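Data first, discussion second: the structure below is written as structure tokens.
Residue numbers (our numbering): 1032 to 1354.
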């Protein structure tokens, strides 16, 4: 009896499934739709279209909740192309050629919870790109060309739980970038070429107390003297060994001022005097440009640590501690 009942339930399941799938239709532009009552569209799969979409298709019903446009050739995202999709909660734009997103392009998607834009060509992540995404929970931007993440990039996204910025070109992150994200549980940042100067100290301090980090592949790419150092300790028996947090905490007096330069010794380059100014003398409080000083010797072993003692309009005073 149990077997017969199971067969009936199985047959009923497949009957319902077949009926359900018969309502999946193909529309112009080769997007597969799952529709509800009165033309309401739950899901549109427009992936791997032939020929590929180069822009957001406009023939899709504006009621769409889940839109998948991955693996096309979309190059840019504009507010005008997305504004009518106010019901979107899931948007997949993975593996396109997106290099430009208009500020506020997603501002009409106030219900969006998942945004996937990995494997594109984005170079910057700013507040304007994520503007209006107050309900966003999952943001995937892995394998782009991102070099800059502004400190205010996530100000309008307080509900983010998961961020993936791995496999990008990020060298610096401000210490305040993620501090407002009180619900953040996962932050993937591995395989980025971090520049472990003192400007990175604030971020490394934040990372050291973030509970769910994947720091085993987070290493310094520069300056040369610390290339290969882990951002955080990888050796519980020797926590200070090749550890950027320990090194930066030891030598940095301020999160935003690098008091030493440790570089390979090749040439001497001193910027013109006109570029030098004290912090109080620079326009709008802008910091002076970094000063790179090196020399040439035929038989030099190791690297020098130089301390920048004073900057004036006339020049810079640099001391080299005795070995």
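Where is the CB? At the ideal position from N, CA and C, for every residue including glycine. All values derive from a computational prediction rather than experimental measurement.
Using three-state DSSP, classify residue i as helix, strand or coil.
| i | result |
| --- | --- |
| residue 1110 | helix |
| residue 1219 | strand |
| residue 1254 | coil |
| residue 1232 | helix |
| residue 1174 | coil |
| residue 1281 | helix |
| residue 1207 | coil |
| residue 1151 | coil |
| residue 1238 | helix |
| residue 1068 | helix |
Which residues in the same chain have their Cβ closer than 6 Å to the Cβ of residue i, if we skip the five residues on either side of it in sequence?
| i | result |
| --- | --- |
| residue 1283 | 1229 and 1232 |
| residue 1144 | 1120, 1166 and 1168 |
| residue 1196 | 1172 and 1220 |
| residue 1216 | 1192 and 1243 |
| residue 1147 | 1123, 1125 and 1171 |
| residue 1138 | 1162 and 1163 |
| residue 1181 | 1157 |
| residue 1199 | 1175, 1177 and 1223 |
| residue 1253 | 1226 |
| residue 1075 | 1062, 1064, 1091, 1095 and 1098 |
| residue 1132 | 1108 and 1160 |
| residue 1082 | none |
Buried or exposed, going by whether 16 or more other CB atoms sit within 10 Å of the CB of residue i?
| i | result |
| --- | --- |
| residue 1176 | exposed |
| residue 1150 | buried |
| residue 1242 | exposed |
| residue 1272 | exposed |
| residue 1098 | buried |
| residue 1210 | exposed |
| residue 1111 | exposed |
| residue 1281 | exposed |
| residue 1159 | buried |
| residue 1129 | buried |
| residue 1305 | For residue 1305, the predicted structure reports a pLDDT of 37, less than 50, and the residue's modelled location is therefore unreliable. A value from the coordinates is still provided. Classification for residue 1305: exposed. |
Tell me, which residues are paired with residue i by DSSP?
| i | result |
| --- | --- |
| residue 1137 | Residue 1137 is not bridged to any residue. |
| residue 1225 | 1251 |
| residue 1097 | 1074 and 1121 |
| residue 1194 | 1170 and 1218 |
| residue 1129 | DSSP output for residue 1129 lists no bridge partner at all. |
| residue 1180 | 1156 |
| residue 1274 | 1261 |
| residue 1146 | 1122 and 1170 |
Going by alpha carbons, who is nearest to residue i out of the options?
| i | options | result |
| --- | --- | --- |
| residue 1355 | 1226, 1112 and 1280 | Since the first residue of the chain shown is 1032 and the last is 1354, residue 1355 is not available in this structure. |
| residue 1069 | 1092, 1084, 1101 and 1159 | 1092 |
| residue 1206 | 1199, 1061, 1146 and 1183 | 1183 |
| residue 1214 | 1190, 1224 and 1204 | 1190 |
| residue 1155 | 1193, 1118 and 1203 | 1203 |
| residue 1142 | 1117, 1255 and 1128 | 1117 |
| residue 1126 | 1133, 1080, 1109 and 1137 | 1080 |
| residue 1179 | 1062, 1278 and 1223 | 1223 |
| residue 1107 | 1115, 1086 and 1114 | 1086 |
| residue 1194 | 1186, 1208 and 1218 | 1218 |
Within its chain, find whatever has a CB closer than 8 Å to the CB of residue i; leave out the 5 residues flanking it on each side and keep chain order.
| i | result |
| --- | --- |
| residue 1072 | 1064, 1065, 1066, 1091, 1092, 1094, 1095 and 1096 |
| residue 1263 | 1235, 1238, 1239, 1244, 1246, 1249, 1274, 1275 and 1276 |
| residue 1084 | 1060, 1077, 1100, 1103, 1104 and 1105 |
| residue 1188 | 1161, 1164, 1165, 1167, 1170 and 1212 |
| residue 1089 | 1112 |
| residue 1134 | 1157, 1159, 1160 and 1162 |
| residue 1140 | 1113, 1116, 1117, 1119, 1122, 1163 and 1164 |
| residue 1152 | 1128, 1129, 1130, 1175 and 1176 |
| residue 1259 | 1250, 1251 and 1273 |
| residue 1186 | 1158 and 1211 |
So is the beta-carbon of residue i under 7 Å away from any non-hydrogen atom of the ligand GDP?
| i | result |
| --- | --- |
| residue 1225 | Judged by which ligands are present, the structure shown has none, so any question about the ligand GDP falls away. |
Leaving out five residues on either side along the sequence, give the residues of the same chain with a beta carbon under 7 Å from the beta carbon of residue i.
| i | result |
| --- | --- |
| residue 1303 | Confidence at residue 1303 is low in this model, with a pLDDT of 40, below 50, so the placement of that residue is unreliable and no value is reported for it. |
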